[in-house]
Amino acid sequence: MISLFRLRPNMTLRLTLIVLSASLAAGSLRAYDAPPEPGTLIRRLAFGSCNSPLDSSPVWDAVVNRFPDAWIWLGDTVYADSPRPVGPTPEARARVSLDRLALHYTRQNDLPGYRLLRQRARILGTWDDHDYGENDAGAEFVGRAEAQRHFLDFYGEPADSPRRTRPGIYASHRFGPPGRVVQIATLDTRYFRSPLHRGDSPETDWIDGIPGNYLPSTDPAATLLGADQWRWLESVLRQPADVRVLVSSIQVLPNDHRFEKWGNFPAERRRLLALIRATGATGVVLLSGDRHTGELSRLDPAREPDGAALDPGYPLYELTSSALTKSAPTNFASQLAANNPKAVTFKHEINRHRIGSTLAYHHFGLLTIDWEAADGPVLTLALHLDHGAEVLRERVPLAALRPRP
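Next up, the structure:
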């Protein structure tokens, strides 16, 4: 490794020119062409969530420099909802958020680094609460139909797209030739979601030393995806694919914290995991956002009450990448202690399925597929800080994401 800080300025310039020339000669700037068509082989997917175009960040340059074939928004593309109640009615409060949505989306599209990414990679994704229009909101949000229109306009969704005429923004995409098909399914965990079940205490109270007080719903009719989306998802999982990227704005596997998660709707979480098993879907990898931190989880059926029924027969990984510009504050530990001396921090937050530790700094995620690996295709799940440095890596042979014999 050569430290550029010790080189004379002219030497730094000379080295930079050499590196760029070599890259051009080797043809490694393939991803600088137009975004991939459906038949194009996918090798790199970049993704992230919890972003504000009002925050200065080097992250988009770092993402572009990784040459992704596609960028996947995991939710909270912008923070357009009002941070505090405005207006006397839900309609008035929604109006404030909806007016801000178009403005914030425009600002995001105008960022030079992101504009360059749009030219070179396919942009996919879903929303979460802050780009939906109201914090932690579900089907009760009165502005959801208009919010959907703003979302689709931001993505440049064609006028004849089914997402322009049906409720909800869920979608699936397929890339690659036979034998190397990558399926990307983006779920909508907002439009149809039943109300969250809160504890009796105010939202700022604590339960067992953990902030937040959302509890598992006991309503058998409560839903997260809604009937139509469930039918769609089953049909998607039954389609042939080699790698399946299932995108949820909120976490699926982590089930111990008291914030938003699939575990707040236990029947829906069980249904999702059981559906992966029932459809025989192989090669599934979960991506999620929302938490303002990053972490890697792997389903351990032995740690689930009814784990045997949920086990897809192979390791199920979930990479949470949630803090493009909105990470958990570094002084969070002191904030917790001020409210509750027994409180845990994000660093020590319980997640029975976590591999390694949490990342509470600005970052993005990267999924790399090495189709030509000697022993068969290999997936690499990674988190990178906003300036590009890799801080988490897990290599998973694609052959391991199939039911055990």
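Heads up, the sequence shown is in the numbering used here, so the first residue is 49 and it goes up one at a time.
By construction, the Cβ of each residue, glycine as well, lies at the ideal position given by its N, Cα and C atoms.
Please read all numbers here as calculations on a predicted model, not as lab measurements.
### G274 versus A422: straight-line alpha-carbon distance, rounded
43 Å
### Message
What would DSSP say about P445, mapped onto helix, strand or coil?
### Response
strand
### Query
Closest by CA to P181, which one among R222, R163, E139, K309?
The displayed chain sequence assigns Gly, not Pro, to residue 181. For G181, the nearest C-alpha among the options comes from E139.
### Coarse secondary structure for E194, derived from DSSP in three states
helix
### Message
Let me check understanding here. Comparing Cα to Cα, which of R441, F240, P425 lies closest to V190?
### Response
F240
### Query
Can you name, in chain order, every residue of its own chain whose Cβ lies under 6 Å from the Cβ of A447, other than the five neighbours on each side?
G424
### Run of the alpha helix (DSSP H) containing H178, from where it starts to where it stops
177-180
### Query
Are the CB atoms of N157 and T125 nearer to each other than 8 Å?
no
### Query
Where does the unbroken alpha helix (DSSP H) through Y162 begin, and where does it stop?
160-168
### Task
Going by CA-CA distance only, name the one from L321, I403, L323, G224 that's closest to G342.
I403
### Query
If you follow the alpha helix (DSSP H) that E282 is part of, which residue opens it and which one closes it?
275-285
### Task
Could you spell out where the beta strand (DSSP E) holding A356 opens and where it closes?
Taken as a continuous stretch (DSSP letters only), A356 belongs to no beta strand (DSSP E), being part of the alpha helix (DSSP H) at 355-358.
### Message
Considering just the uninterrupted stretch of the beta strand (DSSP E) at A219, what are its terminal residues?
### Response
219-223
### Query
Quick one: Cα of H198 to Cα of G123, how far?
14 Å
### Query
In the DSSP assignment, what are the bridge partners of F95?
I120, G413
### Task
Determine the closest residue to E397 out of W119, R339, A118, G161, with distance taken between C-alpha atoms.
R339
### Query
How many Å lie between P243 and A193 at the Cα?
18 Å
### 8 Å contact criterion, which R168 and V111 should meet: CB distance rounded
Actually they are not in contact, since the Cβ atoms of R168 and V111 sit about 10 Å apart, beyond 8 Å.
### Task
Take Q231 and list the residues in its own chain whose beta-carbon comes closer than 6 Å to its own, dropping the five residues that flank it on each side.
R222, A289, R292
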